[in-house]
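For the sequence shown, the residue numbers in my numbering are 3 to 157.
Below is one structure, written out as structure tokens, with a few remarks after it.
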Amino acid sequence: MVKIKICGLTNLDDALNAANAGADYLGFIFAESKRRISESECLNILKSLRPRNFNKDIEIVGVFMDQSVDYIKSIDDKCDFDLIQLHGRENTRDYRRLLNKPIIRRVVDFCAIEEYSLAEFLLFDKSVDCGVIIEIERLRELNISEWNPPLYAGM
């Protein structure tokens, strides 16, 4: 089954359009990005989204990159994300244990794939601007199908 995650949402109209179009996950970026959202803006969007009845459950994702657990927790305490996406070089084991939330883990180093597998989902991002190129042959060698369904971005 294909799942859709729309990331980088910065306003209520876009979030509602994504939800109404059938997105399974809505992502809000708190890392340095042109689509970065403030905590208060995200909270206002979520206050409007959460009482609405969509045709299916939509999960809310907070996206972070190389930020401290304390910083992530402070935002999550207010926004109450369903999942946390780690997009940098964070230690998956420590962040998962300390955040006590399901983790989406962007693969940035194939040598660390076993550690990343502690996350609920692996994210393979082909975005050249992130410096990550998916090595399809390497994925086949890793037999990632034994883990939770992978997520792909920048394809």
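Cβ coordinates follow ideal geometry from the N, Cα and C atoms, glycine included.
Among the candidates F123, L51, D79, G64, whose CA atom is the shortest distance from the CA of R37?
G64
Output needed for I62: all residues of its chain with C-beta closer than 6 Å, excluding positions within five of it in sequence on either side, in chain order.
L28, F83, D84
Within 10 angstroms of the Cβ of E56, are there 16 or more other Cβ atoms? Answer buried if so, exposed if not.
Per the sequence shown, the amino acid found at residue 56 is Phe instead of Glu. Its Cβ having fewer than 16 others within 10 Å, F56 is exposed.
Does the count of Cβ pairs from the segment 45-59 and the segment 15-28 closer than 8 Å reach three?
Yes, they touch.
Below 6 Å CB to CB, which residues in the same chain sit around T94 once its five sequence neighbours on both sides are set aside?
R107, E117, Y118, L120, A121
Three-way DSSP call (helix, strand, coil) for I47 in this model:
Secondary structure at I47: helix, using DSSP grouped into helix, strand and coil.
Per DSSP, cross-strand counterpart(s) of Y73
Looking at the DSSP assignment, Y73 forms no beta bridge with any residue, so it has no partner.
Whole-angstrom C-beta distance between D78 and K58, which should lie under 8 Å:
Contact flag wrong, Cβ pair sits at about 23 Å.
Which residue marks the beginning of the alpha helix (DSSP H) containing L101, and which one marks its end?
94-101
CB-CB length for A33 against H89, believed under 8 Å:
6 Å
Under the assumption that I60 contacts L14 (Cβ atoms under 8 Å), give the Cβ distance between them as a whole number of angstroms.
Between L14 and I60 the Cβ distance is about 14 Å, and since that is not below 8 Å, they are no contact.
Taking F123 as the reference, give the member of L101, L100, Q87, Y97 with the closest Cα.
Among L101, L100, Q87, Y97, the Cα nearest to that of F123 belongs to Q87.
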